[in-house]
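The opening position of the sequence shown corresponds to residue 31 in my numbering, with each subsequent residue numbered one higher. C-beta: ideal position from N, C-alpha, C; glycine also. Following: one structure in structure tokens, then a few remarks.
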Amino acid sequence: MKFNIITIFPHIFDSYLNESILKRAQKKGLIKIKIYDLRKFTKDKHRKVDDKPFGGGPGMVIKIEPLVKAISSILKLKTKNQKLKTKIVLFTPGGKQFDNETAINLARNYDNLILIAGRYEGIDERIKKVLHNSGLKIHELSIGPYVLTGGELPAMTIIDAVSRQIKGVLGKRESLEEKRFGIGMPVYTRPEIFIYKGKKYRVPKVLLSGNHKKIEEWHRIK
Ligand code: SAM
31 MKFNIITIFP
41 HIFDSYLNES
51 ILKRAQKKGL
61 IKIKIYDLRK
71 FTKDKHRKVD
81 DKPFGGGPGM
91 VIKIEPLVKA
101 ISSILKLKTK
111 NQKLKTKIVL
121 FTPGGKQFDN
131 ETAINLARNY
141 DNLILIAGRY
151 EGIDERIKKV
161 LHNSGLKIHE
171 LSIGPYVLTG
181 GELPAMTIID
191 AVSRQIKGVL
201 GKRESLEEKR
211 FGIGMPVYTR
221 PEIFIYKGKK
231 YRVPKVLLSG
241 NHKKIEEWHR
251 IK
């Protein structure tokens, strides 16, 4: 799976995507992450990526020209490898709520995601028509019912959640546990009894029993 991120803040991604499981997945070649600085697709000397909104309003809007150029250049790379199935993801707080099912669907059906991180008041709306008229499918996704300052965290959220669905990204144990017991399973580790301000906090007895059948049952009803 290749993730292409279009952003005006390319350094935001440096730490998160280069640690732990995602770092390992990139080293193994299971995922590729490429970051495109939108400013590099501008022509003017100030590298302007935003402008005032028509109709007035306090914020700025991401301009359409550099964005179309950035997307076209990513798609050109794609033509070298015709087999790639591409989806363009536009982040917006008003989009379809991203969930684990969407992550599974993206991981199974696509191998080239173009993630567009908005900023300010958002992106010139015409981008949707341009992409649509070019025969490209876009997915407008929200990562939750709140407004963030930009689409960079949503992009990292999707990369993380989708990567976990790609075979080999998680260790055998991690992926097995999730499949067996589902999402949000309560977990415990040593010590068996944790004492805080005179109170004892114990691990559920069944987990210490060694009885695997009972432990599985306990997980299922949790
Ligand atoms: N006034 C805009 C609106 O109502 O859509 C808010 C724009 S927000 C400040 C700037 C950018 O952050 C958006 O274009 C989008 O890319 C991203 N963003 C903010 N919240 C988001 C969310 N919950 N899910 C996905 N993207 C989000």
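- Looking from the CA of LYS99, the closest CA among LYS82, LYS57, VAL160 belongs to VAL160.
- The continuous beta strand (DSSP E) containing LEU120 extends over residues 116 to 127.
- Straight through space, the alpha carbons of GLY198 and ASN241 are spaced by roughly 30 Å.
- LEU238 is not bridged by DSSP to any residue.
- DSSP places HIS169 in the strand class (E or B) of the three-state scheme.
- Between the segment 64 to 81 and the segment 32 to 52 there are three or more C-beta pairs closer than 8 Å, enough to call the two in contact.
- The alpha carbon of ASP190 has as its nearest neighbour, out of HIS162, THR72, ASP129, the alpha carbon of ASP129.
- As the crow flies, the alpha-carbon of ARG77 is around 7 Å from that of LYS70.
- Separation of the CB atoms of GLU151 and GLY87 is rounded to 7 Å, and the pair is thereby assigned contact status at 8 Å.
- The Cβ atoms of SER193 and ILE51 sit closer than 9 Å to each other.
- For ASN142, the enclosing beta strand (DSSP E) starts and ends at 142 to 146.
- Contact between LYS115 and ASP141 is confirmed by a C-beta separation of about 5 Å, below the 8 Å threshold.
- Per the coordinates, the alpha-carbon of LYS209 lies some 15 Å from the alpha-carbon of GLU247.
- Around the beta-carbon of GLU182, 16 or more other beta-carbon atoms lie within 10 Å, marking it buried.
- The beta carbon of LYS230 is closer than 7 Å to those of ILE223 in its chain, skipping five residues each way along the sequence.
- For TYR150, the shortest C-beta to heavy atom distance toward the ligand SAM is below 8 Å.
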